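First up is the structure itself, then whatever we jot down about it.
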Amino acid sequence: MIRLLHAAPPTLLALWLVLPVSLAAQDTLRPPDGVRVGIEYRPGFRPAVVVLPTRGLDSIRAIITRDLDFSDRFEVVGLAAGDTAASAVNVGGRTLNYALFRTLGAEFAVELVADGVATVIRLHDITAGIPRREARFTFPPPFDQGFRMAVHRAADDLVRWITGTPGYAASQVLFLVERRLYRIDSDGEGLAQVSAAGEDVLSPVWSPDGSQIAYTRFGDGGGPIVVRTLATGQTTAVPGTTSALNITPAFAPDGRILAFARSDEDGTDIYTVDIAQQCCLQRLTVGRYSDNLSPTFAPNGRRLAFVSSRAGQPQIYGMAADGTDQELLAPFDFGVTGSSNAPEWSPDGASVVFHRDVSRAPQVFVLDVATRRVRQLTSSGRNEDPTWAPDGRHVAFVSDRSGRRQLWVIDTITGRIRQFQLPGQTRLPAWSRRLAGSAPGTH
Numbered sequence: 007m008i009r010l011l012h013a014a015p016p017t018l019l020a021l022w023l024v025l026p027v028s029l030a031a032q033d034t035l036r037p038p039d040g041v042r043v044g045i046e047y048r049p050g051f052r053p054a055v056v057v058l059p060t061r062g063l064d065s066i067r068a069i070i071t072r073d074l075d076f077s078d079r080f081e082v083v084g085l086a087a088g089d090t091a092a093s094a095v096n097v098g099g100r101t102l103n104y105a106l107f108r109t110l111g112a113e114f115a116v117e118l119v120a121d122g123v124a125t126v127i128r129l130h131d132i133t134a135g136i137p138r139r140e141a142r143f144t145f146p147p148p149f150d151q152g153f154r155m156a157v158h159r160a161a162d163d164l165v166r167w168i169t170g171t172p173g174y175a176a177s178q179v180l181f182l183v184e185r186r187l188y189r190i191d192s193d194g195e196g197l198a199q200v201s202a203a204g205e206d207v208l209s210p211v212w213s214p215d216g217s218q219i220a221y222t223r224f225g226d227g228g229g230p231i232v233v234r235t236l237a238t239g240q241t242t243a244v245p246g247t248t249s250a251l252n253i254t255p256a257f258a259p260d261g262r263i264l265a266f267a268r269s270d271e272d273g274t275d276i277y278t279v280d281i282a283q284q285c286c287l288q289r290l291t292v293g294r295y296s297d298n299l300s301p302t303f304a305p306n307g308r309r310l311a312f313v314s315s316r317a318g319q320p321q322i323y324g325m326a327a328d329g330t331d332q333e334l335l336a337p338f339d340f341g342v343t344g345s346s347n348a349p350e351w352s353p354d355g356a357s358v359v360f361h362r363d364v365s366r367a368p369q370v371f372v373l374d375v376a377t378r379r380v381r382q383l384t385s386s387g388r389n390e391d392p393t394w395a396p397d398g399r400h401v402a403f404v405s406d407r408s409g410r411r412q413l414w415v416i417d418t419i420t421g422r423i424r425q426f427q428l429p430g431q432t433r434l435p436a437w438s439r440r441l442a443g444s445a446p447g448t449h
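The opening position of the sequence shown corresponds to residue 7 in my numbering, with each subsequent residue numbered one higher.
Put into structure tokens, the structure is as follows:
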């Protein structure tokens, strides 16, 4: 379950008269004027979408409605089965009473139609008064573990139909509670333990295609990095990590190379290894009284961002994928801000998100790689370990603003924020890219 920190959904009339709805809980961001994402947004405005009730398809409708809401691209019009507008489908189910929906302020309507074993999802353009697009989806039964992910993928298609780019609903977040590894769907549902019973885990990360994860497995004499195939549960130790403590793994975009940090008596340095060929260990940094860790690849695979303490306090640096051309990546102010940690490159390559100490409390920042400008996203409580959603717009992070360490998601455009309601104290989230096929295996 997720608790949304904003006002309760407005009535249809209120939504029509008072768009956009103000959000009760935002951090430090304000929406920019004239945001363009596929369709044209008017300044401070998001198109209103209604998902029509359909008997027998309530579970599908609920998931799609929540996914559209969490995309932060739309105002979702609340509509109950008993509302007059809910029965505004004309005979045959092919057209709507567009005039009625226009008076309610809706610009798009999503219609669900049961068609044998399939579900037809039809998008109506209320402004133009025409059905814009439809597709047939065959969903597993609601009790099947792949049901929710299949509906999430349909919701992502709907976002793409309207905006030109897909949503991020068909993704999952890994995180730790103590040293146990869990995963959860992007909407906060489907919580499941991933790590085996008795297995101590650190630094989880997804492979680019979502079929594998890598993490540090604590054991006697050190911490090797293992790669686990989710469909089978099979694990393989990464070459070069069977001694000392090895942490913060990161996959290259092609999934063949793994970067990680090894810590021993000589310090902490970054290495890469070819996990496809199980060979070719290469050292990229030489500590010499400093620590280097937390590598993250740019989407093109040519550069990495990482943390280094070579200037004193840890800060964000960059280098070529072969270890050359090392440089300070994120500028910082001596005496004003403190150490910087946990970088992650955005899916589009334009930004790096990280946390930095401000007044002795970590806060989440975004670096624009081209301009080297940094922007603070959070200000309330202690906020750390950010990770990008696959849309490159939303960021999950750990915050204690509710009194204990929980996962939160912020929309970097509007500042809207929501909390995952999870048991225990959470740590080290890692957001997958969009997932295909069935839900990953769990324990």
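From the three backbone atoms N, C-alpha and C, an ideal C-beta is built for every residue, glycine too.
Nothing here was measured: the structure is a model prediction, and the numbers come from that model.
Taking the alpha-carbon positions, what's the residue i to residue j distance?
i: D33; j: S386; result: Here the model assigns D33 a pLDDT of 47, short of 50, so the residue's position is not dependable, and the following value carries that caveat. Cα to Cα, D33 sits roughly 7 Å from S386.
i: I276; j: S209; result: 14 Å
i: Q218; j: A256; result: 12 Å
i: L373; j: T242; result: 35 Å
i: E350; j: A258; result: 12 Å
i: P353; j: R439; result: 9 Å
i: E195; j: F340; result: 42 Å
i: S444; j: S177; result: Summary for S444: the model assigns pLDDT 46, below 50, so the residue's position carries little reliability; its value from the coordinates is reported in the next sentence. Those two C-alpha atoms are separated by around 11 Å.
i: E46; j: A267; result: The pLDDT assigned to E46 is 43, lower than 50, so where the model puts this residue is not dependable; a value taken from the coordinates is nonetheless given after this. Approximately 44 Å between the Cα atoms of the pair.
i: L35; j: F143; result: With a pLDDT of 33 at L35, under the threshold of 50, the predicted position of this residue should be treated as unreliable, and no value is reported.
i: D363; j: F145; result: 46 Å
i: Q319; j: R185; result: 27 Å
i: R379; j: E117; result: 44 Å
i: S269; j: R289; result: 12 Å
i: P301; j: N252; result: 12 Å
i: A175; j: W437; result: 11 Å
i: R48; j: F80; result: Here R48 scores only 43 on pLDDT, less than 50, and its place in the model is too uncertain to base an answer on.
i: P172; j: V165; result: 5 Å
i: I231; j: R128; result: 46 Å
i: A68; j: R154; result: 11 Å
i: P59; j: A124; result: 17 Å
i: G430; j: F181; result: 11 Å
i: V313; j: S408; result: 28 Å
i: W394; j: T238; result: 26 Å
i: I423; j: S77; result: 12 Å
i: D121; j: P53; result: 29 Å
Taking residue i and residue j to be in contact with their CB atoms under 8 Å, please state how far apart those CB atoms are, rounded to whole angstroms.
i: T330; j: L299; result: Rounded, the Cβ-Cβ distance is 19 Å, inconsistent with contact.
i: P245; j: Q284; result: 5 Å
i: A356; j: A376; result: 7 Å
i: I168; j: F114; result: 6 Å
i: D73; j: D150; result: Rounded, the Cβ-Cβ distance is 18 Å, inconsistent with contact.
i: E428; j: L413; result: What sits at residue 428 in the sequence shown is Leu, not Glu. Indeed they touch by this definition, with Cβ atoms about 6 Å apart.
Go ahead and label residue i buried or exposed: buried means 16 or more other beta carbons lie within 10 angstroms of its beta carbon, across all protein chains shown.
i: L85; result: buried
i: V342; result: exposed
i: D328; result: exposed
i: T133; result: exposed
i: N96; result: For N96, the predicted model reports a pLDDT of 45, less than 50, meaning its position is unreliable; a value from the coordinates is still stated below. Per the 10 Å Cβ criterion, exposed.
i: G99; result: Because G99 carries a pLDDT of 47, less than 50, the predicted location of this residue cannot be relied on, and the following value inherits that uncertainty. Classification for G99: exposed.
i: A317; result: exposed
i: R411; result: buried
i: F426; result: buried
i: A402; result: buried
i: P392; result: buried
i: G324; result: buried
i: V359; result: buried
i: N389; result: buried
i: R366; result: exposed
Taking the alpha-carbon of residue i as reference, which of the options has the nearest alpha-carbon?
i: V83; options: F76, R61, L110 and N103; result: L110
i: F417; options: G398, H130 and R289; result: For the record, residue 417 in the displayed sequence is Asp; it is not Phe. Comparing Cα positions, the closest option is G398.
i: G261; options: T247, G229 and A304; result: A304
i: L310; options: L334, R294 and S296; result: L334
i: V55; options: Q431, A124 and Y104; result: Y104
i: T235; options: G216, G225, I253 and T222; result: G216
i: R139; options: W212, R154, P148 and A160; result: A160
i: T247; options: T222, G239, E271 and A237; result: T222
i: L383; options: G430, S405 and R189; result: S405
i: R294; options: D272, R381 and S201; result: D272
i: A220; options: L264, S249 and V183; result: L264
i: I136; options: R154, H158, F107 and T125; result: F107
i: G307; options: I419, R189 and A326; result: A326
i: A141; options: V119, D131 and G152; result: V119
i: E205; options: V183, D191 and V57; result: V183
i: R433; options: L187, I419 and P148; result: L187
i: V292; options: Q332, A156, D280 and P396; result: Q332
i: A396; options: S213, P147, G229 and L63; result: The sequence as given places Pro at residue 396; Ala does not occur at that position. Of S213, P147, G229 and L63, the residue nearest in Cα terms is S213.
i: G152; options: V179, H130, D163 and D191; result: D191
Using the DSSP secondary-structure output, state which residues sit across from residue i in a beta bridge.
i: S269; result: L251 and T274
i: T242; result: V233
i: R381; result: V372
i: Y323; result: F312 and L334
i: F143; result: T125
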